[in-house]
């Protein structure tokens, strides 16, 4: 039996968030969008290279709040793309803030971290090489123990 | 008519004029089948959309009878259709309204359906299946979502064929 986990994010301004994810990540809106009376998006979905994410506007009356109302998010999305540098540049041009610039990481990725205009954080990564535990230990030295 | 409604929209990979034409002229092909989506027993009727400002939408049965779902209230080819919309359980005076828009987006069309006027139905109306307010609106929205998804897939298949 295989399970599927689909992130369901809350944003302030779901319609403009979808536009942002299209511009930044090449997302496509992949399912019907429900808009409530008054214009709140009750449900929408997009996909980035086949990976699905669901989203909705804030619904404070049922405790559904976005990072901007909660003061941050404890969760980050790790997004694998062909060219992390280009994707981060596109995201920044579309309004994201760069938290960590793209650089080579000792564990075999080129990656950087951004915060999108809706308060969600994304680690954008490109796979560079497979790194064994031994090799990683050599590279990071005593910084941390790998077991 | 009051304004409780849910708008369901979907992005399709076809120009507004094509989406509009397929929506209307091939409705029986893409609208889902069976008791959940078709209007009246024996659930094998054919959906017919008569085009034009005086057009009608009806389900035609093999025995020659038909159930009229609605009449065109506004007809803007390639852009918008407003229809009156009734179900077989509606009394004569009971009617809702369906507003369908075809908005050009990059690479295709956003098809949006606003189905409004549901709070004209009394709370124990059989069409509500015991649901009120937002629960009911979301049930109706789901039915539209399933059919719009079918329209989107149908447009993709047509595209591959041509």
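Chains as they are written, first to last, in the numbering used here: chain A, 1334 to 1480; chain B, 41 to 202. Just so it is clear, CB atoms sit at the ideal spot from N, CA and C, and this is done for glycine as well. Quick caveat, the model's predicted, so the values are computed rather than measured.
*Stretch-stretch touch, CB-based, cutoff 8 Å, three pairs: the segment 109-129 of chain B with the segment 169-187 of chain B*: The count of Cβ pairs closer than 8 Å, one atom from the segment 109-129 of chain B and one from the segment 169-187 of chain B, stays below three, leaving the stretches out of contact.
*Same chain only: Cβ atoms within 6 Å of residue 1401(A), ignoring 5 sequence neighbours per side*: Here residue 1401(A) refers to the residue found at position 68 when the first chain is read from its first residue. Residues of the same chain with a CB within less than 6 Å of the CB of residue 1401(A), apart from the 5 flanking positions on each side, are 1345, 1452 in chain order.
*asked:* Between which two residues does the beta strand (DSSP E) holding residue 137(B) run?
replied: Here residue 137(B) refers to the residue found at position 97 when the second chain is read from its first residue. Note, residue 137(B): beta strand (DSSP E), 136-145.
_According to DSSP, residues forming a beta bridge with residue 1387(A)_ = Taking the first residue of the first chain as position 1, residue 1387(A) is located at position 54. Per DSSP, 1341(A), 1378(A).
*Inter-residue spacing [alpha-carbon to alpha-carbon] between residue 1380(A) and residue 1367(A)*: For this step, residue 1380(A) is matched to residue 47 along the first chain. For this step, residue 1367(A) is matched to residue 34 along the first chain. If I take the Cα positions, the gap works out to 17 Å.
*Could you name the residues of the same chain whose beta carbon sits closer than 7 Å to that of residue 161(B), not counting the 5 residues immediately before and after it, in chain order?*
Translated into positions along the second chain, residue 161(B) becomes position 121. Result list for residue 161(B): 134, 167, 168, in chain order.
*Would residue 1376(A) be called buried (16 or more neighbouring beta carbons within 10 Å of its own) or exposed?*
Within the first chain, residue 1376(A) is the residue found at index 43, counting from 1. The residue is buried, with at least 16 neighbouring Cβ atoms inside 10 Å.
*Would you check if the distance between the CB atom of residue 1311(A) and the CB atom of residue 1457(A) is smaller than 7 Å?*
For residue 1311(A) there is no data in the structure shown, the boundaries of chain A being 1334 and 1480.
*Of the residues that make up the segment 157-186 of chain B, which ones have a beta carbon closer than 9 Å to any beta carbon in chain A?*
174, 177, 178, 181, 182, 184, 185, 186
*Cβ of residue 97(B) within 7 Å of Cβ of residue 71(B)?*
For this step, residue 97(B) is matched to residue 57 along the second chain. For this step, residue 71(B) is matched to residue 31 along the second chain. Against a cut-off of 7 Å, the Cβ pair of residue 71(B) and residue 97(B) comes out as no contact.
*Determine the chain A residues that contact residue 44(B) at a beta-carbon separation under 7 Å, and present them in chain order.*
As a first step, residue 44(B) must be located in the second chain, where it is residue number 4. Those within 7 Å of residue 44(B) in chain A are 1370.
*Put residue 1423(A) into one of helix, strand or coil per three-state DSSP.*
Mapped onto the first chain, residue 1423(A) falls at position 90. DSSP places residue 1423(A) in helix when its eight states are reduced to three.
*Sort out for me which residues DSSP pairs residue 116(B) with in a bridge.*
Taking the first residue of the second chain as position 1, residue 116(B) is located at position 76. For residue 116(B), which the question treats as bridged, DSSP gives the partners 120(B).
*Who are the Cβ neighbours of residue 187(B) in its own chain at under 8 Å, not counting the five residues just before and after it?*
Here residue 187(B) refers to the residue found at position 147 when the second chain is read from its first residue. Cβ contact annotation for residue 187(B) (same chain, cutoff 8 Å, sequence separation greater than five): 70, 71, 72, 77, in chain order.
*Are the C-beta atoms of residue 41(B) and some chain A residue less than 7 Å apart?*
Sequence index remark: in the second chain, residue 41(B) carries index 1 (1-based). With a pLDDT of 44 at residue 41(B), under the threshold of 50, the modelled position of that residue is not reliable, and the figure given next carries that caveat. So, not an interface residue.
*asked:* So residue 49(B) and residue 155(B) are supposed to be a Cβ contact under 8 Å. How far apart are they, rounded?
replied: Counted from its first residue, the second chain places residue 49(B) at position 9. Counted from its first residue, the second chain places residue 155(B) at position 115. About 12 Å separates the beta carbons of residue 49(B) and residue 155(B), which is beyond the 8 Å limit, so they are not a contact pair.
*Figure out for me which residue from 1369(A), 1435(A), 1425(A) has the closest Cα to the Cα of residue 175(B).*
Position 135 of the second chain, counting from 1, holds the residue named residue 175(B). It is 1369(A).
*Whole angstroms is fine: what's the gap from residue 1341(A)'s alpha carbon to residue 1386(A)'s?*
The sequence position of residue 1341(A) within the first chain is 8, counting from 1. The sequence position of residue 1386(A) within the first chain is 53, counting from 1. Whole-angstrom Cα-Cα distance: 6 Å.
_Quick check on residue 188(B) - is its C-beta less than 7 Å from some C-beta in chain A?_
As a first step, residue 188(B) is located in the second chain; it is residue number 148 there, counting from the start. Residue contact with chain A for residue 188(B): present (Cβ-Cβ distance below 7 Å to some residue of chain A).
*Mind pulling the chain B residues with CB within less than 8 Å of residue 1378(A)?*
For the purposes of this step, residue 1378(A) is taken as residue 45 along the first chain, with counting starting at 1. Correct list: empty, because the minimum Cβ distance to chain B is about 11 Å.
*asked:* Which residues of the segment 1344-1371 of chain A have a Cβ closer than 8 Å to any Cβ of chain D? Give them in chain order.
replied: The displayed structure is made up of protein chains A and B, and chain D is not among them.
*According to the Cβ coordinates, are residue 1469(A) and residue 1446(A) closer than 7 Å?*
Translated into positions along the first chain, residue 1469(A) becomes position 136. Translated into positions along the first chain, residue 1446(A) becomes position 113. No; because the gap between Cβ atoms is not below 7 Å, this pair is not in contact.
_Rounded C-alpha distance that separates residue 54(B) from residue 93(B)_ = Residue mapping note: residue 54(B) aligns to position 14 of the second chain, counting from 1. Residue mapping note: residue 93(B) aligns to position 53 of the second chain, counting from 1. Near 24 Å, if we compare the C-alpha coordinates of residue 93(B) and residue 54(B).
*Thinking C-alpha only, which one of 1373(A), 1384(A), 1396(A), 1343(A) is nearest residue 1359(A)?*
As a working mapping, residue 1359(A) is identified with position 26 in the first chain. Nearest option by C-alpha distance: 1384(A).
*With a 10 Å radius around its C-beta and 16 neighbouring C-beta atoms as the bar for buried, classify residue 131(B) as buried or exposed.*
Your numbering for residue 131(B) matches position 91 in the second chain. Label assigned to residue 131(B): exposed.
*Which residues bound the alpha helix (DSSP H) around residue 70(B)?*
What you label residue 70(B) is simply residue 30 of the second chain in a count that begins at 1. Going by DSSP, residue 70(B) is part of the alpha helix (DSSP H) stretching over 67-70.
_Cα-Cα separation between residue 41(B) and residue 79(B), rounded to whole angstroms_ = Within the second chain, residue 41(B) is the residue found at index 1, counting from 1. Within the second chain, residue 79(B) is the residue found at index 39, counting from 1. Any reading at residue 41(B) must be qualified, since the residue scores a pLDDT of 44, below 50, and its modelled position is unreliable; no value is offered.
*Residue range of the unbroken beta strand (DSSP E) whose run includes residue 1406(A)*: Stepping through the first chain from its first residue, residue 1406(A) is reached at position 73. Counting along the chain, residue 1406(A) falls outside any beta strand (DSSP E), and DSSP gives it neither H nor E.
_Cβ-based burial, residue 1434(A) [other Cβ within 10 Å; buried from 16]_ = The residue you call residue 1434(A) lines up with position 101 of the first chain. It counts as exposed.
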